[in-house]
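In this note's numbering, the protein residues as written are 8 to 1021. Note that the Cβ used here is the ideal one computed from N, Cα and C, for glycine as well. Input: a single structure, listed below in structure tokens.
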């Protein structure tokens, strides 16, 4: 071992040129070959390099057994041809993020005004003014306002930069985790190994199958009806058929849609075709969009009009000092009116949700997917591998004219008797007519059952081979894939798979397996109880459907028919004539395969229904199996009248008779009632999702999530608003089309994501309700006060304090409130609701009116009621006073208590409910209250306040607490609700809310959408 490590280390110091001399081809030549491709590339491959075999020899690769797993050899290849990694762009540095935060024009203006204010307060052009102040024994505190503005802005910038830095680091780490979890099958030392994608080297032999996303460039060594989707790289919309001689070139990032095979790796990492594109993208610079630039220009214009100052006054220091104070106050109010904290609450709550979600084994490929899940109204999920465990087991079998209903027990008790020749045909047929990438691994010491690798249905059949005392490995060794005459791979249209082999010098046999009712229709004979071939008529077909297939399906079993056909060497047919080839079959047996429902599924479905979300299931199984599984899962009930359709009937109902195109009006008559779609093709799934999203039946719009795991789910996953895929069993194609990956394949994670998505909306709604109330009061108070008393009752520094403490701290308090399952009792929010609900609007206007009334009462009547001096300014001199301090303090306390009210946005009466479960909320509230007391009592010089007496504090607290009582009065005011009704049964019927209490009305309320929030 020590010697091996030493040799590896040596080769790390060898240059690429020296390492390249070890092989008969250079990296440049390999890159040129992959760039050429096409017919010219095939010609160069054959003439220059001696074809695939010659290329394998140059790369010192055995095309059958693959590379050696020797570390020295692998190190040489990495040095010569590079590592399979595409360097990712590093996250922005902290200083870059600080600079980005400072690009906000408003913050820049505030800094400039703070500097001007600081400078003007220190430098006075008139010596008399300065001496007069000394004589009056007044301390010069004007500089404090400018200094605090600068410090406050810098603090905000640093906080924003730090939060963005943390978010970038988390996202960077999340992407790295996704890359490390990706593995691929390679052959080394004649053993199939799953290795991390980054460890694949040039010369490796990779096994490829339907659903794979290719991580390297290479050429096909062996193929079985291989079809590739190259649209992501070449733009070619049709599937490209790949073959060793016709078109062997495979590119990174393309998807294997059909078939299987093996490939020789030629180019990896940044030297691959996709890698070179990424390198080009990395050199581009970021530019601002025209939309953002226009928005900034509008802000600049509105700002310039605000800074217009008439030249009719004397240009004196006294005049400009007053003007500067007004301008600073205006800018701070302007910052306040534009709810910039809304972005903070969205990013903060979303980041908090994402952080929590990732701890639950959930990976978000797109961060906004979490938020979108909060608006979901419909979930469409695949059956196999999503609702079921995808652990296939043959539990029933019809063979030799007898139906065995308990295969395992029958074998153990030796009651199941199968003719020897029939058993041999079953074993050979399953072993050969399954993908060779599907296999069983022996269980470890901690495991009981074997591990299924590859297609789970095929693995279940391979398990059945073991039950029959067969050995599929021996048969596969005897019939290697390169000796197959032809393969018709399984796809969603064909619904079966056939493999043609040469059994002897005089016999060619085709084995077929597939959907039982489809394969049986092509059978003309069947094996009887003695293993002899007897005729199979349409009457026999109907009998088997009624007595075998339908009972199996009613038990929730997937039925697979195995059949075969022999051909004579004297008259070989045209293997491309699939219709005539897969016909005249002999039925061997019908297998009933059980795929148990996941334990968490019924509870998950029930929670989704309780949240007002409709769950639909689509599957490739027949209608009886699909209906049985749907009942067990809780999607439908035995006596429900919802639609359970097969793909053929579904298409007949939604397509025009003239041009066979889907019509939205026809689809709208079907989907509200549809719960199960059986025998569904990828196109059927795609059209259903697309149609639900495009429908206008629901006034609030439909938001659709799709949960899948297979390649055939790819189109629907991509078309959905949110695509979720199983992490363990999901194919690369499905993962690439998804937004969310459920790492542990636990469906209950969907409920968690929905809850966190709704939490994001609720956090935004609470903050918005709170901020808009504060903004309205500040703007109207400043405007009316300036018009009547020639001075805003609130100084700029006080508004800045409210902005930093009230808004930012309150925003954080709302953002860190833990979600509860109460969120799942509300109806879905949908796609197109208004930004603010009617109840929220009532609360905002109601509390703004009350707070303004209290503040103007204190402003105009306060001196007489509370026996204090009138603090309204005389001339241009603004003195701190008890009068204006009480106005400021009362406003802050009313805002603080209204923060408690804003915890509830649906008109709930108990605003303290579950507040004990949110220590961060009441912790921030208490800290803010203590800071306000300290500010008034000890920060009077800085914030233009004077100390208040105990009695004055009691009056301030009384005005603050009455906000809670005022909120109860507002809850008694009815809110009218738009009424409408959808065409459907248990779909969201928006009934009249006249007789509903406010809490129930709020559950019918619509909410902001993904597009409105981010």
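Straight-line Cα distance separating residue j from residue i
i	j	result
residue 989	residue 608	Here residue 989 scores only 35 on pLDDT, less than 50, and its place in the model is too uncertain to base an answer on.
residue 640	residue 605	9 Å
residue 575	residue 660	45 Å
residue 493	residue 39	33 Å
residue 171	residue 774	20 Å
residue 248	residue 741	20 Å
residue 226	residue 488	17 Å
residue 953	residue 745	60 Å
residue 669	residue 658	8 Å
residue 219	residue 262	6 Å
residue 555	residue 427	23 Å
residue 698	residue 399	33 Å
residue 159	residue 103	20 Å
residue 198	residue 72	7 Å
residue 460	residue 29	36 Å
residue 191	residue 271	13 Å
residue 523	residue 729	34 Å
residue 476	residue 283	52 Å
residue 162	residue 861	33 Å
residue 865	residue 808	21 Å
residue 620	residue 688	24 Å
residue 975	residue 704	36 Å
beta-carbon residue i near the ligand SAM non-hydrogen atom, thresh 6 Å
i	result
residue 409	Absence of the ligand SAM from the depicted structure is noted, as is the absence of any ligand whatsoever, leaving it without description.
For residue i: DSSP bridge partner residues
i	result
residue 653	685
residue 920	Its beta-bridge partners do not exist; DSSP assigns none.
residue 240	Beta-bridge pairing links residue 240 to no other residue.
residue 229	269
residue 1070	Here the chain covers residues 8 to 1021 and nothing more, so residue 1070 does not appear.
residue 575	514
residue 624	388 and 683
residue 594	533 and 570
residue 235	247 and 263
residue 715	732
residue 662	669
Beta carbon of residue i nearer than 7 Å to that of residue j
i	j	result
residue 700	residue 711	yes
residue 384	residue 853	no
residue 168	residue 105	yes
residue 918	residue 910	yes
residue 756	residue 389	no
residue 813	residue 902	yes
residue 266	residue 237	no
residue 767	residue 357	yes
residue 551	residue 572	no
residue 589	residue 505	yes
residue 224	residue 273	yes
residue 772	residue 931	no
residue 776	residue 672	no
residue 569	residue 596	yes
residue 1037	residue 175	As shown, the chain starts at 8 and ends at 1021. That puts residue 1037 outside it, with no answer to give.
residue 472	residue 526	no
residue 914	residue 978	yes
residue 1	residue 397	No information on residue 1 is available, as it lies outside the stretch 8 to 1021 that the chain covers here.
At which residue ranges does the region 922 to 980 contain complete alpha helix (DSSP H) runs of 4 or more residues, listed in the order of the chain? 926 to 945, 947 to 950 and 957 to 978
Pick out the complete beta strand (DSSP E) segments inside the region 190 to 226, 3 residues or longer, and give them in chain order. 190 to 195, 198 to 203 and 212 to 216
Which runs of the alpha helix (DSSP H) spanning at least 4 residues fall entirely within the region 732 to 785, listed in chain order? 739 to 744
Are the region 800 to 820 and the region 724 to 744 in contact at 8 Å, needing three or more beta carbon pairs? no
Any 3 or more C-beta pairs closer than 8 Å across the region 848 to 864 and the region 714 to 734: no
Pair every Cβ in the region 205 to 214 with every Cβ in the region 57 to 69, then say whether three or more of these pairs are closer than 8 Å. yes
Are the region 434 to 454 and the region 462 to 476 touching, with three or more C-beta to C-beta distances below 8 Å? yes
In the region 485 to 536, which residue ranges form an unbroken alpha helix (DSSP H) of at least 4 residues, counting only runs that do not cross its ends? 523 to 528
Identify every run of the beta strand (DSSP E) within the region 359 to 404, keeping only runs that are complete inside it and at least 3 residues long; order them along the chain. 369 to 371 and 385 to 389
Runs of 4 residues minimum, wholly inside the region 25 to 96: which ones carry the alpha helix (DSSP H) assignment? 34 to 43, 45 to 56, 58 to 65 and 78 to 88
If you scan the region 809 to 834 from start to end, which runs of the alpha helix (DSSP H) of 4 or more residues do you find wholly inside it? 815 to 822
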